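Asks: Residue numbers (the working numbering), protein chains in the order written: chain U, 1 to 497; chain F, 1 to 497; chain V, 1 to 497; chain H, 1 to 497.
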């Protein structure tokens, strides 16, 4: 595969591809600091480091290759797993983290001894899908173990791309052919088809064999979970899935408190524009929008929210925000944030009506919340790079807009994503879910599951000491009065927190 | 029945018992203003006032007899129902509202023509259970319609007392006897037993007949719902129940935004003490605790939260609150608020360690969150009334504490409860639930149900215009992309808002 | 003097006039509780109760006759002063506090032994100016001391009415006549002229003699201070004045934190309307407006601010508020609050454009912030009393507005004013200012002064323990580094806090 | 002069010294974006670009050479001034801004045609004072104009270094000698003495002549202003000074809203640590501390404040913060922020008691708020660079602390300082102050002045449109009522905002 970047290809027994191995020391410093902020993962190492419940597990991981993910990867390894890793976004890799993971805690730049990782900041789409394929290629591990062939037996997914690849690859193998490109196909879909076409040319059952070996997948995004429920509904899901996204300690923490942190961080690093006093439009008042609105108000912005769900709209109003359609206010807004999970929330018509140098940024999973395709096709629009991931688009109106991270997740593209403590919650759920699938497969026939509430509570419990939280304990009398065990779980399943 | 108050017993065809009929005009003014703040109920009157879906319904209502409840009652009547009403708390009746409901919009003090209502502020427990019995006695209505006997066919409940009475009454009738008082029985339970003993002396099947006639009950409190689920689990539930409490537009609105309003209101009316700068302890960080903590911070207090659930505890910490056990901080706290749904959250040991003139108040449903029984039994403690519902307890330590509303719901006892707009959400759910049970009984076999999500969204939708909220509409393309109808419902059932 | 109210005229040696002496016990309870919340005043009693620096002082007090003022009055007495008191607003008296002050801590209803107080809730303007005159009539005290004639030697003022009366009375005596009513005179001004005309008919030098005996005045409102600076500028000021309003611990505490507490309190008691989700317009972003906006946001309102000063307007924007002219938003607003110190901020034109049942309330000193005179003259407008101090005005448009406290200070008229802790700050400044004038007259030639910074800091210091504040102490090295004494004062005079 | 960096010395007629001229294009992009955020400066260009009130002014500027300062410099040029520039901090230069200023809007890298600028990120102290001298050397300008000798006639200062150099240089010339180094002299003071010794060796009256030519200085920091008041008090001030720091639109905006933005920005860029849920200690509750506390609470931290001034301490308590001495809470705190203006606020004793990996950061002007000297001398302490401006100090206790920017201003060292909009307020004051001194010298005899209030209001006014603020206008009647002009100024001088 041709690659314009100068990457540190593995010249050793360890296969990997990262931007620059010499960043490993800097990455290791940050990993060490992050461990201090990830008490949940460190507690799992303490609890399970001896018993190694994941011994024998072979995990194909597709998740932003950041410093926090490095702590996750090394936790999985500490629990006995073998791991291969790719990022799930072309911009989100932190190259020093990837380097440190390749080198490993006991290796060196000259003798990397870490985990096979395939990720760098600024991949092309072709790079991206090449990397994603690498996490399924366990040739080296097979060789090392003397096996004829082995594949992964677990997927750890973020956004569902790894799961998609397995399902689509198998489908095309069963069909005997990859479909030709169709008129409406996105560029990315064409890249996927090309990759699978190349795969099919080499092997007629590669993905079929891989799919057969997978015990299950754990998935942590709204988007990826949505895909899983659709597969299950349509009877196409090939293996059990644990929906980590809907653990309370994930969706109500990562989505809300993570964005509260990383949204202003991304805005600041990208633009250095004062948030105070500005009018900011937040599309969507789900957990992401709630975190965004709180953060922006906390910086002195005036926040206007848009919503399509009357319940969330009413919540926004009760929280003191103006709730309006974008068309009613677009000319007054200084900064636009999308976090809806939907497409074309900001259209080219909206872009053309905005103030000069309005900032447009997305914190939803996909870049189609802003009609970037429409913008790229807009006659007379000109794109000027102010700095990486910050572009001024000069519009035919004579005004410009500033688009961050080309419409992709700006908190990852312009900042460093969600901070370690938040990710420790999400990733502790991931690890517990991997253990559930691997150790108790009988509990999980093919289908989509959430983690049982006592594990969700356990994740929270592991993060209290670090914040100095004193938990009150029920007396037996009190526990009996409300009909729960002293040790929990404490709430009915439909409780909303 | 002996009654120390001078009540306006009905001297007319209309049976009722309220404190003072001449308050009706003042009550009517407030009802008129409240209607402007209850757009959900008024919209139901507009939608269903003609078709009268509740024609034939006979509703026994047990719910705080406030101005807002008056609008609910008159909405039920506008939809065709016959109604009898009692309050569900001895202190929560607003006497002018009760008077206005008895007089009715078209009656007069001399010729009351409203709804049979049995409620006044400051009932004894004996009064209270007498009143509750009245809502099941439809003798007058039977007489008016020429029927031999009729009973209610629906219960609208808050806390479950009306439902309890029917179930217990029938149980004792089936057993042929009411149990004797036992050593550990509370005073209130003895009052109930006495009432049912008197009933059984008069009729051996009164409650059995009533129970047989009930189509269902709608219940709006956490506490009442908890009882219903227990009855259903034990196979003892006699008729279907709709759990209105767990509509999002109830639990996430009434519990949170209602308390946010009424807690500081109650504190202010009771004590006039500056909240700003004070240390306030909030026991429980559920929806009630979240609303309380937000309100108190908004007034400049420093809030310390206690929790037994690690997830809620972590939420409190992430929202910036200190989380501590009461024992660790009791000496520093100026104001204590309980809203846990549990008992003995504040014990006499805690009371004895508090600062001089610390304020102790409860916003949970029952008065046992504070150990009032223990306080009353405490040797050397003296109770001084500062004003109604505000008592200084001089403790043997030489210090005093101020207890509001004798440990009962202080937002009702010291203020006027949740404001109209919030109650409009809750009560619109109640009316929709009554319609569901009455018009579509086939959908509801015996069991406990929540309202379907589209009705929950409808409740929210009916409240948007009044707040000037502009709701964004999905395009068909967007709706298809996320797999929902343009008109909703928009979320999966486990979505937490 | 004819008085429609049934007042408890003194039938004893103690002259006073209050609504109902039997309220004294209730008032005493509240005074006792308030003392716990007024650590500054109690500390002054401890510091100066022995030395009695105000022995010989005869204080004419004109200040809202509330529970807090009762603690102030009894502090002045404890420091040796003789006191006579009237309220400075026709609605602001708390009748139980007035009764308790008349009865005194050691008197009884049958044998009142407190302070001569002339105040009741709901005075007419004629009553009001009669009461104000009584604080200057020391006939009874003269008789008791065997003196021929004595007058007060200090004024403690709020709003400047007592000071105005002395200056105007003396002016007219020097002129030999009170002017005739002129066409544009307000009703209140005519009442004042009538009172002074009656005085002049009795004595040609009453006010001249009183003025000559006054050592000085302490004044605590923006409005009253403004009058004093004008008098001083025009050379008409008759005695020195201490501007207590501009102590930091007054203007930045009472005005801001007091309103933050009492504004929502007044709204709640008057209307029970949910503040959350509502659009509230706050006219003026001075200290009062800042406190109002913070409180309303803390309750979940969306606040729109208006300002005439570009600096304050920019502050409002930087604090995240929309800043708009009333004309631009009047139709969207649910609640209007004025706190500008200016007149006609809300005109009849604005009133006619408001939403149905919009709430209109003033927290500025005078009732002309809202054009109440214009409203009263408006053809077709009808006034309906919902309850005392809450009026629905039906307008010719068919819509209504709710006006609180007839446009006067709603936090006093609809609630109980600022809470004790805030007032303790203001009143500790008042007492220190009275001591300054009385004990150190040589420091204060005729003119207007603020208290020296070390006294301002002392006021703050006396309030820290009650809030559990630990103050950090400068090391000598640190004090030298920033060029201050270890004990303060710590800031340059122009420091803005 | 020896210089380890590879700097772009001017090889052209334009004298300058910057890090890398090829950064000019990137700098120009950012300047262009900053202009959109600096409406005050752009409005001055519009108002005065024609009349050029600064024609003939020769300004020696010493102020952080950032993108925002670039807009300031080009505004001064647009108003007719000639300018030479140095940075006032060895770390604060943004090299791309310096390059763009050297190149100028119409020049190119090959033919720089901008302003003589002498600044780069990471100067040594020797570099720094060499640069500062260059802004007083107008040889090139003299040559261009054919003059024999010219010097600057205005100083624009930040921190007072430029003013110090002129005063000290002249003193030593008058004394005929520069003092020898003394035992207690800091390294920096020795560098200054060496520079002036070299100057005196070349010319006996260089600084005397420069001082004589200076019309005045404008100064914008608390620290620099403090020095000026001391010089004036001691009769040593050589020319008039305008204290820009105490304009409301500077101290209440830059200090408060600037920190609110740049403090979390600096924390995030330095550490990526989640702020939410953490315990943060903020030393000092002046404008800087208020901005810090608000920002941190807005991110979900629990903030503990320390104060030495009882008034500010009481404000902190009333704003809902715990107020404690550092000794009482040091073990619980995750992040320490100093912003007091004092020294040794955090001592080595405190550092040794902190949690492992506690973060220590300063936003006060000097690095001695944290006892960095003591830390460097601490036996057994080891310093590890995590990344530039982020150091882990391993302490003899076995725990580490993270120190940001070596104890210097972390918002400049770890982030990019205050954002453009805030700086536009500060710098508009600077430009107006330069105009005042240059155009109206008769108004300013030697002394220290603040800008008149109408100019302060003008600065605010110029920033309203950009935020969509609608300012309300007084009617003539209203203006008369409060005794001001319709156009302002609106407040008395001691008003605190």
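For each residue, glycine too, the CB sits at the ideal point set by N, CA and C.
This one's a predicted model, so the numbers in the text were calculated from it and none came from an experiment.
Take residue 464/V as the anchor and find which of 360/V, 424/V and 436/V has the nearest alpha-carbon.
Replies: For the residues 360/V, 424/V and 436/V, the minimum Cα distance to residue 464/V belongs to 424/V.
Asks: Select from the segment 31-49 of chain H all residues with a C-beta closer than 7 Å to any C-beta belonging to chain U, and list them in chain order.
Replies: Residues passing the 7 Å Cβ filter: 33, 36 and 37.
Asks: Can you give me the Cβ contacts of residue 41/H inside the same chain, cut-off strictly under 8 Å, excluding the 5 residues immediately before and after it?
Replies: The residues are 35, 71, 72, 75, 424, 427, 428 and 431.
Asks: Does residue 430/H get closer than 7 Å to chain U when you measure Cβ to Cβ?
Replies: With 7 Å as the cut-off, residue 430/H does not count as an interface residue toward chain U.
Asks: By how many angstroms is the C-alpha of residue 189/H removed from the C-alpha of residue 238/H?
Replies: About 21 Å.
Asks: According to DSSP, is residue 272/F helix, strand or coil?
Replies: Coil, per DSSP.
Asks: For residue 300/F, I'd like the list of residues in its chain whose CB is within less than 7 Å of its CB, leaving aside the five on either flank, ordered along the chain.
Replies: Contacts found: 275, 276 and 277.
Asks: Taking all protein chains shown into account, decide if residue 233/U is buried (16 or more other Cβ within 10 angstroms of its Cβ) or exposed.
Replies: It is exposed - the Cβ of residue 233/U has fewer than 16 other Cβ atoms within 10 Å.
Asks: Between the C-alpha atoms of residue 318/H and residue 320/F, what's the straight-line distance to the nearest angstrom?
Replies: Residue 318/H and residue 320/F: Cα-Cα distance of roughly 17 Å.
Asks: What did DSSP end up calling residue 492/V once you bin it into helix, strand or coil?
Replies: Residue 492/V: coil per DSSP, three-state reduction.
Asks: Roughly how far, in whole angstroms, is the beta-carbon of residue 287/F from the beta-carbon of residue 224/F, given that I think they are within contact range, below 8 Å?
Replies: That pair is no contact at about 16 Å.
Asks: When the Cα of residue 334/H is compared with those of 387/U, 467/U and 417/U, which residue comes out closest?
Replies: Among 387/U, 467/U and 417/U, the Cα nearest to that of residue 334/H is on 467/U.
Asks: With distance defined between alpha-carbon atoms, name the residue in 387/H, 151/H, 182/H and 391/H nearest to residue 400/H.
Replies: For residue 400/H, the nearest C-alpha among the options comes from 391/H.
Asks: Can you confirm whether residue 463/F, when its beta carbon is compared against all beta carbons of chain U, has any partner nearer than 7 Å?
Replies: Interface residue, yes.
Asks: In chain F, what lies closer than 8 Å to residue 289/H by C-beta?
Replies: Under the 8 Å cutoff, chain F gives no residues; its nearest Cβ is about 17 Å from residue 289/H.
Asks: Within 8 Å, do at least three Cβ pairs link the segment 117-127 of chain V to the segment 97-106 of chain V?
Replies: Yes, they touch.
Asks: So with Cβ pairs under 7 Å, would you call residue 297/U a contact of chain V?
Replies: Chain V, which has a Cβ nearer than 7 Å to the Cβ of residue 297/U, makes this yes.
Asks: Does any residue of chain V bring its CB to less than 7 Å from the CB of residue 354/U?
Replies: So no, residue 354/U is outside the interface.
Asks: I need the DSSP call for residue 414/U, collapsed to helix, strand or coil.
Replies: Three-state result, residue 414/U: coil.
Asks: If contact is defined by three or more beta carbon pairs under 8 Å, each pair taking one atom from either stretch, is the segment 487-496 of chain V in contact with the segment 351-366 of chain H?
Replies: The segment 351-366 of chain H vs the segment 487-496 of chain V: no contact.
Asks: Can you pull the chain F residues whose beta carbon is under 9 Å from the beta carbon of residue 319/H, in chain order?
Replies: Simply 276, 277 and 300.
Asks: Along chain U, in chain order, which residues have C-beta atoms closer than 7 Å to that of residue 482/F?
Replies: Residues of chain U passing the Cβ test: 341 and 342.
Asks: Rounded to the nearest angstrom, what separates residue 453/F and residue 336/V at their Cα positions?
Replies: Straight-line Cα distance between these residues: approximately 36 Å.
Asks: Just tell me which of 127/U, 242/U and 484/U has its CA closest to the CA of residue 88/U.
Replies: The shortest Cα separation from residue 88/U among 127/U, 242/U and 484/U belongs to 127/U.
Asks: What does the alpha-carbon distance come out to for the pair residue 497/U and residue 496/F?
Replies: The alpha-carbon atoms of residue 497/U and residue 496/F are separated by roughly 7 Å.
Asks: Where do the ends of the beta strand (DSSP E) carrying residue 93/U lie?
Replies: From DSSP, residue 93/U is part of no beta strand (DSSP E); its letter is neither H nor E.
Asks: With 16 other CB atoms within 10 Å as the buried threshold, where does residue 4/F fall?
Replies: At residue 4/F, the pLDDT of 33 sits below 50, so the modelled position is not reliable; the number obtained from the coordinates is stated separately. Exposed, since its Cβ has fewer than 16 Cβ neighbours within 10 Å.
Asks: Residue 322/H CB to nearest chain F CB: under 7 Å?
Replies: Taking Cβ atoms only, chain F reaches closer than 7 Å to residue 322/H, which makes this a yes.
Asks: Does the beta-carbon of residue 310/F have 16 or more other beta-carbons within 10 angstroms, so that it is buried, or is it exposed?
Replies: The residue is buried, with at least 16 neighbouring Cβ atoms inside 10 Å.
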